Amino acid sequence: MTAFPKTSALMARGAAFLGTEYAILCGAMSWVSERNLVAAISNAGGFGVIACGAMTPELLDAEITGTKALTQKPFGVNLITMHPGLFDLIAVCARHGVSHVVLAGGIPPKGSVEAIKDFGAKVLVFAPTLALAKKLLRSGADALVIEGSEAGGHIGPVSTSVLAQEFLPALADEHVVFVAGGIGRGEAIAGYLEMGASGVQLGTRFACATESIAHPAFKKAFFRANARDAITSVQVDPRLPVIPVRALKNKGTEEFTAKQVEVAKMLDEGAVDMMAAQLEIEHFWAGALRKAVIDGDVERGSVMAGQSVGMVTQEEPVADIFAQLLAESEAALSRR
Ligand SMILES: Cc1cc2nc3c(=O)[nH]c(=O)nc-3n(C[C@H](O)[C@H](O)[C@H](O)COP(=O)(O)O)c2cc1C
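Under the numbering used here, the first residue of the sequence shown is numbered 151, with each subsequent residue one higher.
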């Protein structure tokens with residue numbers, strides 16, 4: 151008998167899909183979602199996801215091995231579709247028998263979904279529009295994550311509440327859909343479950359858990375910040391489409407503007423093509439995030455955070471965060 155019967159009932163399909171007790175994913179966060187946080191999430195009954203980011207196949211291999219040593223429970227691996235070694239990374243997942251792969255950062259390249267399904271894993275994808283979501287689900291994706299602009303990290307232009315209203319009535323009867331972006335409390339989880347979501351994905355709320363290896367200065371910046379401090383990056387050159395990133399405002403935000411000017415100039419001079427220019431920008435983010443998460447340079451690094459950051463006020467063990475979220479969700483559903 152579960153302690154949260156109403157929540158568990160609404161999460162049943164998502165939990166069965168993930169092989170977990172609760173259909174709560176901790177979205178992959180580059181540098182943050184490594185073995186310690188991932189295992190802690192899975193051990194608490196949720197679903198941890200390793201952020202592969204720019205890792206080499208060797209590093210991913212070591213991270214999966216390390217995670218397996220810390221948990222017997224299911225966890226996933228998040229791969230960025232534009233990674234030049236995507237298929238080598240998929241091969242690493244296959245060797246480890248990874249059960250779920252999340253493809254993030256753009257439309258999955260030809261053959262990637264098939265390559266993952268070939269070794270028996272389930273594929274989760276992101277889709278910015280309903281039409282694309284339907285196409286990806288038709289062509290083999292097993293589940294969908296819809297992520298609104300309230301989220302931390304790379305974001306799309308539409309809020310979670312609007313995406314949920316567009317996608318859930320159209321897809322939730324037949325498909326497993328997880329809702330992400332701006333979720334800081336259980337009442338919001340209850341709301342999306344009632345709308346038909348199979349589960350939810352949170353990042354910001356878990357980034358500063360006790361088990362997270364993020365630098366104390368990174369965590370302190372989260373505890374001090376309010377929703378309005380988590381702002382989106384701006385695009386300075388219309389020819390250089392950069393995916394907006396939500397992070398806490400600091401000096402690094404200004405340096406990103408300067409970086410874009412520099413890359414646009416390289417484009418002008420023909421020193422790089424558009425693909426290389428966009429990769430330059432992504433490398434900038436990976437480096438800037440590392441600076442903040444690992445080195446603790448929260449002034450010049452990128453402190454990626456969602457708008458729910460105002461609800462993150464102290465360091466807490468993952469299990470306590472789960473207990474709070476589930477109790478809030480259950481109380482909300484019990485009032486109905
Ligand atoms: C610090 C940070 C780093 C992130 N890095 C990634 C990433 O590498 N890949 C990815 O798919 N999503 C990334 N995200 C997004 C999360 O996986 C998750 O979807 C998001 O945080 C959910 O919204 P929330 O922040 O409002 O909870 C990141 C988010 C944060 C806060």
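The C-beta atom is built at its ideal place from N, Cα and C for all residues, glycine as well.
Note that the structure is a prediction, hence the values are computed from the model and not measured.
- With a cutoff of 8 Å on beta-carbon distance, residue 336 and residue 456 are scored as not near each other.
- The residue from 342, 441, 438 with its alpha-carbon nearest to that of residue 161 is 342.
- Per DSSP, reduced to three states, the secondary structure at residue 425 is helical.
- Residue burial is scored here from C-beta neighbours: residue 251 has at least 16 other C-beta atoms within 10 angstroms and is therefore classed as buried.
- When beta bridges are read from the DSSP output, residue 396 appears opposite 303, 382.
- Under the criterion of beta carbons closer than 8 Å, residue 414 and residue 390 qualify as touching, at roughly 5 Å.
- The secondary-structure analysis by DSSP pairs residue 351 across a beta bridge with 175, 330.
- If one requires a minimum length of 3 residues, the beta strand (DSSP E) runs lying completely within the stretch 197 to 254 are 197 to 201, 225 to 230, 250 to 254, in chain order.
- Relative to residue 310, the option among 295, 324, 418, 241 whose CA is nearest is 295.
- By the criterion of at least three beta-carbon pairs nearer than 8 Å, the stretch 193 to 203 is in contact with the stretch 221 to 229.
- Assignment of beta-bridge partners to residue 274 by DSSP yields 252, 293.
- In this structure, residue 180 has its beta carbon less than 7 Å from a heavy atom of ligand 1.
- Fully enclosed alpha helix (DSSP H) runs of no fewer than 4 residues occupy 424 to 443 of the stretch 409 to 455, in order along the chain.
- Taking C-beta atoms under 8 Å as the contact rule, residue 452 and residue 442 qualify, at a distance of about 6 Å.
- Taking all protein chains in view, the Cβ of residue 433 is surrounded by fewer than 16 other Cβ atoms within 10 Å, so the residue is classified as exposed.
- Placement of the Cβ of residue 228 at a distance of less than 7 Å from at least one heavy atom of ligand 1 is found.
- Note that the stretch 301 to 320 does not touch the stretch 400 to 417; fewer than 3 beta-carbon pairs, one per stretch, sit closer than 8 Å.
- When secondary structure is reduced to three states using DSSP, residue 375 falls in the coil class, being assigned neither helix nor strand.
- Two segments are said to touch when three or more pairs of C-beta atoms, one from each, lie closer than 8 Å; by this definition the stretch 259 to 268 touches the stretch 233 to 246.
- Residue environment for residue 261: exposed (fewer than 16 other C-beta atoms within 10 angstroms of its C-beta).
- Its Cα nearest to that of residue 385, the residue 396 stands out among 396, 317, 379, 376.
- Taken from the Cβ of residue 331, at least one heavy atom of ligand 1 lies inside 7 Å.
- Taking residue 174 as reference, the option from 233, 370, 232, 157 with the minimal CA-CA separation is 157.
- For residue 317, the uninterrupted alpha helix (DSSP H) segment begins and ends at 310 to 321.
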